[in-house]
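A.B. asks: Have a look at the structure that comes next, please.
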Amino acid sequence: DAGITQSPRHKVTETGTPVTLRCHQTENHRYMYWYRQDPGHGLRLIHYSYGVKDTDKGEVSDGYSVSRSKTEDFLLTLESATSSQTSVYFCAISEVTSVGVFFGPGTRLTVL
Amino acid sequence: KQEVTQIPAALSVPEGENLVLNCSFTDSAIYNLQWFRQDPGKGLTSLLLIQSSQREQTSGRLNASLDKSSGRSTLYIAASQPGDSATYLCAVRPRGGTASKLTFGTGTRLQVTL
């Protein structure tokens, strides 16, 4: 299995509070991604990074920000959580070469 | 815009049966196609990756095929076991695009019964 960890694995928070999710990889892969998975919508890309300090938006980026200060860490921040951000969040990594994409175990976030 | 469809959405088979899962995509200009399995409450596990120049890939009891011209991929599972019960997803990466442009299907939920 690819060396990807996510923390926390579960979180319950209240509307309006800031939340930060962390993804850590030990594979030294260049690309890192944050997805959310919701029933009826499948997997949707939130943000991705193509290197340290290099990030870009995905299809559902509103309300989220990211940072990548080190190759191994990619942070996802919900500045002011809303109930619509209740979801399961997955981090993924890949390299420029054609070896595919690998996913972390996920974080289940509930916003009350 | 690439669209990826997986039919059926759910499938139940008795143990020991061979089965085929389908993945269809609308734009044949792909770089590769990847099959994943997802167990309930878990992340996605990569099963097989097929490059656009390949016709098939095999791993144990799994065989994935790719027909770009018809926009189809199939995942063949031989001698199914209860442990194969999971949701299977395919994802397509476009030619010239990074993996940030992956398009996922919504999956087929497989149940293998005793």
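Sequence order for the protein chains is H and E.
Residue numbers for the first sequence follow the numbering used here, so the first one is 342 and each next one is one higher.
Residue numbers for the second sequence follow the numbering used here, so the first one is 3 and each next one is one higher.
Using N, Cα and C, we set each Cβ at its ideal position, and we do this for glycine too.
No experiment lies behind these values; they were computed from the predicted model shown.
1) When the Cα atoms are used, what is the spatial distance from E:S72 to E:A80?
2) To the nearest angstrom, how far is it from the Cα of E:L13 to the Cα of E:E19?
3) Check the Cβ of H:V401 against every Cβ in chain E and list those closer than 7 Å, keeping chain order.
4) Let me know if H:H388 comes out buried or exposed under the rule of 16 or more other beta-carbons within 10 Å of its beta-carbon.
5) With 8 Å as the threshold, decide whether the Cβ of H:P446 is near any Cβ in chain E.
6) Starting from the beta carbon of E:K70, find every residue of chain H whose beta carbon is closer than 7 Å, and list them in chain order.
7) Three or more C-beta pairs under 8 Å: does that hold for the region 350-362 of chain H against the region 415-427 of chain H?
8) Here's the rule I'm using: 16 or more other beta-carbon atoms within 10 Å means buried, otherwise exposed. How should E:G62 be labelled?
9) In whole angstroms, give me the CA-to-CA distance for E:G109 and E:C92.
10) Considering only residues of the same chain and omitting the five flanking positions on each side of E:L46, which have a CB-CB separation below 6 Å?
11) CB E:L173 to CB E:Y90, shorter than 8 Å?
12) Please identify, using Cβ separations under 7 Å, the residues of the region 36-62 of chain E that lie next to chain H, in order along the chain.
13) Among the residues of its own chain, which have a CB less than 8 Å from the CB of E:Y33, if the five just before and after it don't count?
14) Thinking just about the alpha-carbon of each residue, which of H:G441, H:S435, H:Y374 is nearest to the one in H:Y405?
15) Kindly say whether H:G404, judged by its beta-carbon, lies nearer than 8 Å to any beta-carbon of chain E.
16) Residues in its own chain within less than 6 Å of E:R74 by CB, not counting five upstream and five downstream?
17) Need the endpoints of the beta strand (DSSP E) that H:Y419 sits in, please.
18) Could you check the C-alpha separation between E:A11 and H:F443 for me, to the nearest Å?
19) Taking only beta-carbon atoms, is E:L104 less than 8 Å away from chain H?
20) Leaving out five residues before and five after E:V114 in sequence, what residues of the same chain have Cβ atoms less than 7 Å from its Cβ?
21) I want to see whether chain H comes within less than 8 Å of E:T108, judged by CB atoms only; does it?
22) Against chain E, with Cβ distances strictly below 8 Å, would H:Q416 count as a contact?
C.D. replies: A quick look at the data gives this:
1) As a working mapping, residue 72 of chain E is identified with position 70 in the second sequence. As a working mapping, residue 80 of chain E is identified with position 78 in the second sequence. Taking the straight line joining both Cα atoms gives about 24 Å.
2) Residue mapping note: residue 13 of chain E aligns to position 11 of the second sequence, counting from 1. Residue mapping note: residue 19 of chain E aligns to position 17 of the second sequence, counting from 1. Using only the alpha carbons, I get a separation of about 12 Å.
3) By one-based count along the first sequence, residue 401 of chain H stands at place 60. Chain-order list of chain E residues neighbouring H:V401: empty, with the shortest C-beta distance near 13 Å, by a criterion of under 7 Å.
4) Looking up residue 388 of chain H in the first sequence gives position 47. In this structure H:H388 is buried. Its beta-carbon is surrounded by 16 or more other beta-carbon atoms within 10 angstroms.
5) As a working mapping, residue 446 of chain H is identified with position 105 in the first sequence. With a threshold of 8 Å between beta carbons, H:P446 makes contact with chain E.
6) Residue 70 of chain E sits at position 68 when you count from the first residue of the second sequence. Going along chain H, no residue has its Cβ under 7 Å from E:K70, so there is no contact; the nearest lies around 15 Å.
7) With contact defined as three or more Cβ pairs closer than 8 Å, the region 350-362 of chain H and the region 415-427 of chain H are in contact.
8) Counted from its first residue, the second sequence places residue 62 of chain E at position 60. Classification of E:G62: exposed, given that the 10 Å Cβ count is below 16.
9) What you label residue 109 of chain E is simply residue 107 of the second sequence in a count that begins at 1. What you label residue 92 of chain E is simply residue 90 of the second sequence in a count that begins at 1. Rounded to the nearest angstrom, the gap between the Cα atoms of E:G109 and E:C92 is 7 Å.
10) As a working note, residue 46 of chain E is residue 44 in the second sequence. Cβ within range, chain order: F38, Q40.
11) As displayed, chain E neither begins before 3 nor continues past 116, which places residue 173 of chain E out of reach and without an answer.
12) So the list reads Q36, K44, G45, L46, S48, L51, Q53, given in the order they occur along the chain.
13) Reading the second sequence from its first residue, position 31 is the one you call residue 33 of chain E. Excluding positions up to five away in sequence, the list reads Q53, S54, R95, P96, R97, G98, G99.
14) The count along the first sequence starts at 1 and reaches residue 405 of chain H at position 64. Among H:G441, H:S435, H:Y374, the Cα nearest to that of H:Y405 is on H:Y374.
15) Translated into positions along the first sequence, residue 404 of chain H becomes position 63. Not closer than 8 Å to any Cβ of chain E, the Cβ of H:G404 fails to qualify, so no.
16) Counted from its first residue, the second sequence places residue 74 of chain E at position 72. Excluding residues within five positions, the ones whose Cβ falls inside 6 Å are S26.
17) For the purposes of this step, residue 419 of chain H is taken as residue 78 along the first sequence, with counting starting at 1. In the sequence as presented, Tyr is not what sits at residue 419 of chain H; that position holds Leu. In the DSSP assignment, H:L419 falls within the beta strand (DSSP E) that extends over 414-419.
18) Counted from its first residue, the second sequence places residue 11 of chain E at position 9. Counted from its first residue, the first sequence places residue 443 of chain H at position 102. Straight-line Cα distance between these residues: approximately 23 Å.
19) Along the second sequence, one-based indexing puts residue 104 of chain E at 102. Against chain H, the CB of E:L104 has a partner CB under 8 Å away; the residue lies at that interface.
20) As a first step, residue 114 of chain E is located in the second sequence; it is residue number 112 there, counting from the start. Hits under 7 Å: V15, E17, S82, Q83, P84, D86, S87.
21) If you number the second sequence from 1, residue 108 of chain E lands on position 106. When Cβ-Cβ separations below 8 Å define contact, E:T108 makes contact with chain H.
22) In the first sequence, residue 416 of chain H corresponds to position 75, counting from 1. Looking at the sequence provided, one finds Leu at residue 416 of chain H rather than Gln. For H:L416, the closest Cβ of chain E is not nearer than 8 Å.
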